[in-house]
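Beneath this line is the structure, given in structure tokens, with notes to follow.
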Amino acid sequence: AQSVSQHNHHVILSEAASLELGCNYSYGGTVNLFWYVQYPGQHLQLLLKYFSGDPLVKGIKGFEAEFIKSKFSFNLRKPSVQWSDTAEYFCAVIRSGAGSYQLTFGKGTKLSVIP
Amino acid sequence: DTGVSQDPRHKITKRGQNVTFRCDPISEHNRLYWYRQTLGQGPEFLTYFQNEAQLEKSRLLSDRFSAERPKGSFSTLEIQRTEQGDSAMYLCASSLGNRHNEKLFFGSGTQLSVL
Chain A
90 AQSVSQHNHH VILSEAASLE LGCNYSYGGT VNLFWYVQYP GQHLQLLLKY FSGDPLVKGI
150 KGFEAEFIKS KFSFNLRKPS VQWSDTAEYF CAVIRSGAGS YQLTFGKGTK LSVIP
Chain B
-6 DTGVSQDPRH KITKRGQNVT FRCDPISEHN RLYWYRQTLG QGPEFLTYFQ NEAQLEKSRL
54 LSDRFSAERP KGSFSTLEIQ RTEQGDSAMY LCASSLGNRH NEKLFFGSGT QLSVL
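From first to last, the protein sequence lines are chains A and B. Each residue of the first sequence is one higher than the one before, starting from 90 at the first, in this note's numbering. Each residue of the second sequence is one higher than the one before, starting from -6 at the first, in this note's numbering.
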């Protein structure tokens, strides 16, 4: 079964700082990768996803993520964070082409942005 | 508002009681998923439906848990003889399509507390 590791439990940044959240997955086959975000008091929502093509994917609110197959990684980045980016971020993976539609999530990284 | 509704928002029950949660997905979505999330963890897959058919269940889902989606619309998740370890946020999500990279739309969840 696949697993997802998120390296940081809690990240604290000042506004305008750059962000990189690490994500590694364990499955060696073809995968689809996702970042979901949960803002305080809100439901989980999709930030961006990768399934094929250009390994650099762009999502909403200026976020991007790079899929590096050789490193089994899908790190999330943003050049300049805002206070409104304060949220919990979850990396997730699903095996492509397998019979399963089970999305496996990491434990999440809580991001706090200080104004 | 994602359009996925869950009821109730909160449920407090005594150990040994049965509880039932309801999920109303976005109306045209053919897939419906149940996840469970505990503090400090990411969502954990429980089961999913394609229309009314339950196609996959997690190995972690004990036989005290049962889910239905009788007409391919709303779904219910029942937990029999609840245990304190069942305390968690139960999340429902829905999606449209048949590919592995579909976006999941999550509800706000039902928070279960077993005393």
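Positions of the beta carbon are idealized from the N, C-alpha and C atoms, including for glycine.
- What residues of chain A sit near residue 20 of chain B, judged by a beta carbon separation below 8 Å? None at all; the shortest Cβ gap to chain A is about 17 Å.
- Task: Compare the C-beta of residue 80 of chain B with all C-beta atoms of chain A and state if any pair is closer than 8 Å.
- Result: With 8 Å as the cut-off, residue 80 of chain B does not count as an interface residue toward chain A.
- Message: Please report the straight-line C-alpha distance between residue 99 of chain A and residue 201 of chain A, rounded to a whole angstrom.
- Response: Their backbone Cα atoms lie some 8 Å apart in a straight line.
- Message: Taking the straight line between their C-alpha atoms, what separation do you get for residue 165 of chain A and residue 123 of chain A?
- Response: Those two C-alpha atoms are separated by around 10 Å.
- Message: Distance check for residue 24 of chain B and residue 90 of chain B, CA to CA, integer angstroms please.
- Response: Note on geometry: alpha-carbon atoms of residue 90 of chain B and residue 24 of chain B lie some 8 Å from one another.
- Apart from the five residues on each side of it in sequence, which residues of its chain come closer than 6 Å, Cβ to Cβ, to residue 105 of chain A? Cβ neighbours of residue 105 of chain A beyond the five flanking positions: 169.
- Task: Report the residue from B:70, B:100 and B:79 whose alpha carbon sits nearest the alpha carbon of residue 19 of chain B.
- Result: Out of B:70, B:100 and B:79, B:100 has the C-alpha closest to the C-alpha of residue 19 of chain B.
- Name the residues in the segment 179 to 193 of chain A whose C-beta lies less than 9 Å from a C-beta of chain B; which are they? If the cut-off is 9 Å between Cβ atoms, the segment 179 to 193 of chain A has 179, 180, 181, 183, 184, 185, 186, 187, 188, 189, 190, 191, 192 and 193 near chain B.
- Of all the residues that make up the segment 28 to 46 of chain B, which are near chain A by a beta-carbon distance shorter than 9 Å? Residues passing the 9 Å Cβ filter: 28, 30, 33, 34, 35, 36, 37, 38, 41 and 43.
- Query: What do you reckon, are the CB atoms on residue 83 of chain B and residue 70 of chain B nearer than 8 Å?
  - Reply: Yes. Within cutoff.
- Query: Residues of chain A with CB under 9 Å from residue 109 of chain B, in chain order?
  - Reply: Lying before the first or after the last residue shown, residue 109 of chain B is absent from chain B, which here runs from -6 to 108.
- With C-beta atoms as the reference, is residue 9 of chain B less than 8 Å away from residue 196 of chain A? It is not a contact, given that the beta carbons lie outside the stated cut-off.
- Buried versus exposed, by CB contacts within 10 Å (16 or more), residue 131 of chain A: By the 10 Å Cβ count, residue 131 of chain A comes out exposed.
- Which same chain residues, not among the five before or five after residue 111 of chain A, have their C-beta less than 6 Å away from its C-beta? Apart from the 5 residues on each side of it in sequence, residue 111 of chain A sits with its Cβ closer than 6 Å to the Cβ of 96 and 164 in its chain, given in chain order.
- Message: Beta-carbon within less than 6 Å of residue 95 of chain B's beta-carbon, same chain only, minus the 5 sequence neighbours each way: which residues are those?
- Response: Excluding sequence neighbours, residue 95 of chain B sits near 88.
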